[in-house]
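Here's the structure we're looking at; comments come further down.
Number of protein chains: 2
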Amino acid sequence: MTHFGPTVRGIRERLREDDRSYSVRQVARRVGIEPAYLSKIERGEVAPPSEATTVRLAKELGEDPDVMVALAGKVSADLQAIIRKRPRLFAELIRQLKEAPDEALLRVVREVRDGNW
Amino acid sequence: MTHFGPTVRGIRERLREDDRSYSVRQVARRVGIEPAYLSKIERGEVAPPSEATTVRLAKELGEDPDVMVALAGKVSADLQAIIRKRPRLFAELIRQLKEAPDEALLRVVREVRDGNW
DNA sequence: CGTCATGTGTCGTAAATACTACACGGTTTG
DNA sequence: CAAACCGTGTAGTATTTACGACACATGACG
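One line per chain: the protein sequences are A and B, in this order. Counted from 1, the first sequence has number 81 at position 80 by the working numbering; the numbering is strictly sequential. Counted from 1, the second sequence has number 106 at position 105 by the working numbering; the numbering is strictly sequential.
Structure below.
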């Protein structure tokens, strides 16, 4: 959907400036995929990889897995599982927060974290 | 995952007691799928249908689409889109609400609805 | 008793997903 | 200058998703 590939390429290239081991080949090997595949991913020639691969890639590049998975056009399976257990409540909450400013969302997060229940 | 099929069958059969038009064939026709396919879905012989079909089926049976989609093991694409726009905030919020009791969740929903932002 | 509706068994398939394997030409480096 | 490394083009594949088409036996029903 967005520019998952180019973003990954950008991050990897920046890392590479300080560390020669961030080549397509070496990153691919550490992530557990074929170099040709990573190359295609970065150029957007193929769709973003699976959630599992995306998460391994995120960790390798020092990025937030949730953000990378989102960039890949997905939502983590564990989040989906939580939502599916109480679909009505979560659906309503999420739809209501759709238009809320970041700040409001953050306040709700903090409020819940400080556990007023 | 769960018992999507049998649940649908149960709902349809209950509706049928009052209304003869809730046969596999007629419901399938109204929902826009083949009767054989609906039959297989209800008996769990195949996986639950796509989100779109699940929603049409839910409406036909007078059920909550979000609940049906959840039963089908999925999360609506529109909810996923909302989450993907702010992955960090939503991921944290949802994970924090994982163990919260329904009541707490409901309070947050209400609080947000009454828009204190 | 014939027609019509019902549920279901069997078979097939188009499209998407998520990759691997191999090879090739260019660049770096010891 | 050769060995190693680099990115990438081409081709192929196993699996999953999401259905449709057709035919058949059973049972209700007017």
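A virtual CB, placed ideally from N, CA and C, is assigned to each residue, including glycine.
Taking the Cβ atom as the reference point for each residue, do residue i and residue j lie within a distance shorter than 7 angstroms?
{"i": "A/Lys-75", "j": "A/Glu-52", "result": "yes"}
{"i": "A/Leu-90", "j": "B/Leu-106", "result": "yes"}
{"i": "A/Ile-12", "j": "A/Leu-62", "result": "yes"}
{"i": "A/Val-113", "j": "B/Gln-27", "result": "no"}
{"i": "A/Pro-88", "j": "B/Ala-71", "result": "yes"}
{"i": "A/Thr-55", "j": "A/Met-69", "result": "yes"}
{"i": "A/Glu-93", "j": "B/Val-110", "result": "yes"}
Excluding five sequence neighbours on each side, which residues of the same chain lie with their C-beta closer than 6 angstroms to the C-beta of residue i?
{"i": "B/Pro-49", "result": "Phe-5 and Ala-73"}
{"i": "A/Ile-84", "result": "Phe-91"}
{"i": "A/Tyr-23", "result": "Arg-13, Leu-16 and Arg-17"}
Would you give the residue range spanned by the alpha helix (DSSP H) that residue i belongs to?
{"i": "A/Asp-79", "result": "78-86"}
{"i": "B/Ser-40", "result": "36-43"}
{"i": "A/Arg-17", "result": "5-19"}
{"i": "B/Lys-99", "result": "It is not in any alpha helix (DSSP H) - B/Lys-99 carries neither H nor E in the DSSP assignment."}
{"i": "A/Glu-46", "result": "Where A/Glu-46 is concerned, there is no enclosing alpha helix (DSSP H), given that its DSSP letter is neither H nor E."}
{"i": "B/Ala-71", "result": "66-72"}
{"i": "A/Lys-60", "result": "52-61"}
Excluding the 5 residues preceding and the 5 following residue i in the sequence, name in chain order all residues of the same chain whose CB lies nearer than 8 angstroms to its CB.
{"i": "B/Val-25", "result": "Arg-13, Pro-36, Leu-39, Ser-40 and Glu-43"}
Can you find the residues in the same chain that come closer than 7 angstroms, C-beta to C-beta, to residue i, ignoring five residues on each side of it along the sequence?
{"i": "A/Pro-102", "result": "none"}
Going along chain A in order, which residues have a C-beta closer than 7 angstroms to the C-beta of residue i?
{"i": "B/Arg-114", "result": "Gln-97"}
{"i": "B/Val-68", "result": "Pro-88 and Arg-89"}
Applying a beta-carbon distance threshold of less than 8 angstroms, which residues of chain A neighbour residue i?
{"i": "B/Arg-57", "result": "Here the premise fails: no neighbours, minimum Cβ distance about 17 angstroms."}
{"i": "B/Leu-90", "result": "Asp-103, Leu-106, Leu-107 and Val-110"}
{"i": "B/Arg-87", "result": "Asp-103 and Leu-106"}
Along chain B, in chain order, which residues have C-beta atoms closer than 8 angstroms to that of residue i?
{"i": "A/Ile-84", "result": "Ala-71, Val-76, Leu-80 and Ile-95"}
Fill in: Residues from the segment 92-109 of chain B in contact with chain A, defined by Cβ distance under 8 angstroms
Ala-92, Glu-93, Leu-94, Ile-95, Arg-96, Gln-97, Leu-98, Lys-99, Ala-101, Pro-102, Asp-103, Glu-104, Ala-105, Leu-106, Leu-107, Arg-108 and Val-109
Worksheet item: Of all the residues that make up the segment 2-28 of chain B, which are near chain A by a beta-carbon distance shorter than 7 angstroms?
Response: Residues of the segment 2-28 of chain B that bring their beta carbon within less than 7 angstroms of a beta carbon in chain A are absent altogether.
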